[in-house]
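Asker: Provided herewith is a single structure, encoded as structure tokens, for subsequent inquiry.
Number of protein chains: 2
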Amino acid sequence: MDTKERILKTALELYNSQGVNTITSRHIAAKMGISPGNLHYHFKHTDEIIKTLYDRLSADFDVIVASVEALEEVDLPMIRSFVITSLELGYKYRFIFLHFVEIGLRIPAVKKDYAALTQRREKEFLSIFEKLKASGVFRPDLPEEVLKAFVTQIFIVGDFWLSNNELTLKLKGSKAIAHYSDIFSSMFYPYLTPAAMQLAKGNE
Amino acid sequence: MDTKERILKTALELYNSQGVNTITSRHIAAKMGISPGNLHYHFKHTDEIIKTLYDRLSADFDVIVASVEALEEVDLPMIRSFVITSLELGYKYRFIFLHFVEIGLRIPAVKKDYAALTQRREKEFLSIFEKLKASGVFRPDLPEEVLKAFVTQIFIVGDFWLSNNELTLKLKGSKAIAHYSDIFSSMFYPYLTPAAMQLAKGNE
DNA sequence: TTAAATTTAGAACAAATGTACTAATTATTT
DNA sequence: AAATAATTAGTACATTTGTTCTAAATTTAA
């Protein structure tokens, strides 16, 4: 693995375990056993390391969403596996979510990118919900506005479940993912038709 | 107003507008026109300023929750006014929510306090939901576990709506509160009985 | 094999930060 | 009025940080 890639890997580890504000370029270099000068040869500015990691998270998540969007019909087990895959990705890059506002402030490009992304995602999610309505999974009596609010809820919980975990239960790895994917599943419950509810109960 | 109080007021202003990581004790002193030495006479450590502000937020929120808990019967308009009051308080101390994980890392007492608080609040909220079930506002067919997940959802959205706003819409003041209180109202919608739904529709 | 390019180490710099220290000023008490 | 306590300004210090610079070492190309 070349140095640039090793820097990214080490940075991710350190940021995830110690937070984005306590870790400096010197820490990363020290942990790798290279000089600060060398690190700054590969990344002139420390923020570029963070930006690169954010871009990778963003690209990886794009792939996940695209795979769901491509489906003709969406059902609950698919949603559940989508949720788990997303949470796993989030956990991998958890420092970004734990310090989202900080990072957005430090690196305006991240903020801009995320704001644009959200608008796109909102439409994508609403279209998935329409599919769920059409296939009798979602209740037909929910006003557009309620579904829109549900999308925002999902974004907020999706972006900040890691922060909630950090401040309360502090679950690690697969335990965290299991716990919060249950919460996600429960979030969907009141939106389901009685038939879908029965199915959901059985699958848990 | 004595100096100590002025420090807290100025710190809150600066933290809210510039973030907790960019503002230092020197910035606060400069903005007030006092010396750094004077500031550190009143607060030996900068973190004490943040801790004091957190304690005030916590105490203020206690009052709000207690006033709801004291009610014999809870209905939707009361919930709505509870939501608005809470969001207003959150907005006042928004820097805390925008940097919750940071602050928890910097000041372990905050993290401890919040973790304990959450456990208490979970019970309080569940008991409010039981009241809502009893008075025919909440659907009777919701499993305990779904209600528990709803409480967590409310906590996450309640703690991070400001971060979401910061990263996307960037609404200011009453506009932010209006928008996110609508989202909170919509969150409740699928949990309501048909009768309560009708009432809710009329009130908007 | 020699020349050129890339990569690396290590030192050095300037700015910022938290906070301690000292002395002066102001307020309070006796 | 004198003595004591509280408050304030201003300076100073040690540490940290991001980054730059220089020169050495290593790799690649010719």
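Going line by line, the protein sequences match chains A and B. Once you know that position 122 of the first sequence is 122 in our numbering, the rest is easy, because the numbers rise by one and skip nothing. Take the position in the second sequence, starting the count at 1, then add 204; the result is the number in our numbering. Virtual Cβ for every residue (Gly too), placed ideally from N, Cα, C.
Does DSSP classify L375 (chain B) as helix, strand or coil?
Answerer: Here residue 375 (chain B) refers to the residue found at position 171 of the second sequence. It is coil, neither helix nor strand.
Asker: Closer than 8 Å is the cut-off here; do at least three beta carbon pairs connect the region 308-320 of chain B with the region 28-48 of chain A?
Answerer: With a cut-off of 8 Å, the region 28-48 of chain A and the region 308-320 of chain B do not count as touching, because too few Cβ pairs lie within range.
Asker: Tell me whether the region 289-300 of chain B and the region 376-391 of chain B touch, counting them as touching only if at least three CB pairs, one residue from each stretch, are closer than 8 Å.
Answerer: They touch, by the three-pair rule.
Asker: Following the continuous alpha helix (DSSP H) through K208 (chain B), name the residue where it begins and the one where it ends.
Answerer: Against the second sequence, residue 208 (chain B) aligns to sequence position 4. First-last of the alpha helix (DSSP H) with K208 (chain B): 207-222.
Asker: How should T3 (chain A) be labelled, buried or exposed, when 16 other C-beta atoms within 10 angstroms of its C-beta is the threshold for buried?
Answerer: Indexing the first sequence from 1 puts residue 3 (chain A) at position 3. The residue in question, T3 (chain A), is exposed, as its Cβ has fewer than 16 Cβ neighbours within 10 Å.
Asker: Going by the DSSP bridge assignment, what does F342 (chain B) pair with across the sheet?
Answerer: Position 138 of the second sequence holds residue 342 (chain B). Answer is B:L396, bridged to F342 (chain B).
Asker: Using a threshold of 8 Å, state whether the C-beta atoms of R284 (chain B) and S390 (chain B) are closer than that.
Answerer: Position 80 of the second sequence, counted from the start, is the residue given in the question as residue 284 (chain B). Position 186 of the second sequence, counted from the start, is the residue given in the question as residue 390 (chain B). No. Outside cutoff.
Asker: So, for I387 (chain B): in the same chain, excluding its five sequence neighbours on each side, which residues have a beta-carbon less than 8 Å away from its beta-carbon?
Answerer: In the second sequence, residue 387 (chain B) corresponds to position 183, counting from 1. Same-chain partners within the cutoff: V361, W365.
Asker: Under 8 Å between C-beta atoms, does E145 (chain A) make it to chain B?
Answerer: Within the first sequence, residue 145 (chain A) is the residue found at index 145, counting from 1. Closer than 8 Å: yes.
Asker: Would you check if the region 330-343 of chain B and the region 42-55 of chain A touch, i.e. whether three or more CB-CB distances between them fall below 8 Å?
Answerer: Result no; under three Cβ-Cβ pairs closer than 8 Å.
Asker: Determine whether the beta carbon atoms of S385 (chain B) and F301 (chain B) lie at a separation below 8 Å.
Answerer: As a working note, residue 385 (chain B) is residue 181 in the second sequence. As a working note, residue 301 (chain B) is residue 97 in the second sequence. No; because the gap between Cβ atoms is not below 8 Å, this pair is not in contact.
Asker: Keeping to the same chain, check which residues put their C-beta closer than 6 Å to that of F82 (chain A); ignore five residues upstream and five downstream.
Answerer: Here residue 82 (chain A) corresponds to residue number 82 of the first sequence, with the count starting at 1. Closer than 6 Å at Cβ, skipping near neighbours: V68.
Asker: For a cutoff of 8 Å on Cβ pairs, would you count F160 (chain A) as touching chain B?
Answerer: Taking the first sequence and counting its residues from 1, one reaches residue 160 (chain A) at position 160. Yes, because at least one Cβ of chain B sits closer than 8 Å to the Cβ of F160 (chain A).
Asker: From the DSSP output, in three-state form, read off G90 (chain A) for me.
Answerer: In the first sequence, counting from the first residue as 1, residue 90 (chain A) sits at position 90. Looking at G90 (chain A) - three-state DSSP - the assignment turns out to be helix.
Asker: Roughly how far, in whole angstroms, is the beta-carbon of L346 (chain B) from the beta-carbon of Y393 (chain B), given that I think they are within contact range, below 8 Å?
Answerer: Indexing the second sequence from 1 puts residue 346 (chain B) at position 142. Indexing the second sequence from 1 puts residue 393 (chain B) at position 189. No, L346 (chain B) and Y393 (chain B) are not in contact; Cβ-Cβ is about 13 Å, not under 8 Å.
Asker: Does any residue of chain B have a CB that is nearer than 8 Å to the CB of M32 (chain A)?
Answerer: In the first sequence, the residue the question calls residue 32 (chain A) occupies position 32. Answer no: the Cβ-Cβ gap between M32 (chain A) and chain B never drops below 8 Å.
Asker: State the CB to CB distance for the pair F14 (chain A) and I23 (chain A), rounded to an integer number of angstroms; the pair is presumed to be in contact (CB under 8 Å).
Answerer: By 1-based counting over the first sequence, the position of residue 14 (chain A) is 14. By 1-based counting over the first sequence, the position of residue 23 (chain A) is 23. The displayed chain sequence assigns Leu, not Phe, to residue 14 (chain A). Indeed, because the Cβ distance is near 5 Å, the residues count as touching under 8 Å.
Asker: Under 8 Å between C-beta atoms, does G294 (chain B) make it to chain A?
Answerer: Within the second sequence, residue 294 (chain B) is the residue found at index 90, counting from 1. For G294 (chain B), the answer is no, since every Cβ of chain A falls outside 8 Å of its Cβ.
Asker: Mind pulling the chain A residues with CB within less than 7 Å of M282 (chain B)?
Answerer: Start at 1 with the first residue of the second sequence, and residue 282 (chain B) comes out as number 78. Result: empty, since nearest Cβ-Cβ is about 20 Å, beyond 7 Å.
Asker: Closer than 8 Å, Cβ to any Cβ of chain A: which residues of the region 306-317 of chain B, in chain order?
Answerer: Answer set for the region 306-317 of chain B: E306, G308, L309, K315.
Asker: Keeping to the same chain, check which residues put their C-beta closer than 6 Å to that of T46 (chain A); ignore five residues upstream and five downstream.
Answerer: Counted from its first residue, the first sequence places residue 46 (chain A) at position 46. Answer for T46 (chain A): S25, listed in chain order.
Asker: I need the straight-line Cα distance from Q323 (chain B) to F304 (chain B), nearest angstrom please.
Answerer: Here residue 323 (chain B) corresponds to residue number 119 of the second sequence, with the count starting at 1. Here residue 304 (chain B) corresponds to residue number 100 of the second sequence, with the count starting at 1. Rounded to the nearest angstrom, the two C-alpha atoms are 17 Å apart.
Asker: How would you write the range of the alpha helix (DSSP H) that D279 (chain B) sits in, first residue to last?
Answerer: As a first step, residue 279 (chain B) is located in the second sequence; it is residue number 75 there, counting from the start. That residue, D279 (chain B), is in no alpha helix (DSSP H); it is neither H nor E in DSSP.
Asker: Using a beta-carbon distance cut-off of less than 9 Å, what residues from the region 263-281 of chain B approach chain A?
Answerer: Answer in chain order: no residues at all.
Asker: What's the call for A149 (chain A), buried or exposed, on a 16-neighbour Cβ count within 10 Å?
Answerer: The residue given as residue 149 (chain A) occupies position 149 in the first sequence. With 16 or more Cβ atoms within 10 Å of its Cβ, A149 (chain A) is classed as buried.
Asker: Name the chain B residues that come within less than 8 Å of E166 (chain A), Cβ to Cβ?
Answerer: Indexing the first sequence from 1 puts residue 166 (chain A) at position 166. Those are V305, G308, listed as they occur along chain B.
Asker: Could you tell me whether any Cβ in chain A is nearer than 8 Å to the Cβ of Q402 (chain B)?
Answerer: On the second sequence, residue 402 (chain B) is found 198 positions in, with the first residue counted as 1. It does not; no Cβ of chain A falls within 8 Å.
Asker: Distance, Cα to Cα, Y41 (chain A) vs F61 (chain A)?
Answerer: To locate residue 41 (chain A), count along the first sequence from 1; it is residue 41. To locate residue 61 (chain A), count along the first sequence from 1; it is residue 61. Between Y41 (chain A) and F61 (chain A), the C-alpha separation is close to 29 Å.
Asker: Run through DSSP, which three-state label would H303 (chain B) get?
Answerer: By 1-based counting over the second sequence, the position of residue 303 (chain B) is 99. It is coil, neither helix nor strand.
Asker: Find out if the Cβ-Cβ distance for the pair L351 (chain B), F333 (chain B) is shorter than 8 Å.
Answerer: Position 147 of the second sequence holds residue 351 (chain B). Position 129 of the second sequence holds residue 333 (chain B). Result yes, Cβ atoms of L351 (chain B) and F333 (chain B) sit closer than 8 Å.
Asker: Output the distance between the C-alpha atoms of A270 (chain B) and A263 (chain B), rounded to the nearest integer angstrom.
Answerer: Your numbering for residue 270 (chain B) matches position 66 in the second sequence. Your numbering for residue 263 (chain B) matches position 59 in the second sequence. C-alpha separation (whole angstroms): 11 Å.
Asker: Along chain B, which residues have their Cβ under 8 Å away from the Cβ of Y191 (chain A)?
Answerer: The residue labelled residue 191 (chain A) in the question sits at position 191 within the first sequence. By Cβ distance, chain B contributes P394.
Asker: Is it buried or exposed, E276 (chain B), if we count other Cβ atoms within 10 angstroms and call 16 or more buried?
Answerer: The sequence position of residue 276 (chain B) within the second sequence is 72, counting from 1. Counting Cβ neighbours within 10 Å, E276 (chain B) comes out exposed, since fewer than 16 surround it.
Asker: Among residues of its own chain, excluding the 5 on either side of N242 (chain B), which ones have a beta-carbon nearer than 8 Å to its beta-carbon?
Answerer: Within the second sequence, numbered from 1, the residue matching residue 242 (chain B) stands at position 38. Within the same chain, N242 (chain B) has close Cβ partners T207, A233.
Asker: Judging by CA-CA distance, which residue of B:L330, B:T356, B:L371, B:P398 is the nearest neighbour of R343 (chain B)?
Answerer: Position 139 of the second sequence holds residue 343 (chain B). Nearest option by C-alpha distance: B:P398.
Asker: I need the DSSP call for G33 (chain A), collapsed to helix, strand or coil.
Answerer: Along the first sequence, read from residue 1 onward, the residue named residue 33 (chain A) stands at position 33. In the structure shown, G33 (chain A) sits in coil (DSSP, three-state: anything other than H, G, I, E or B).
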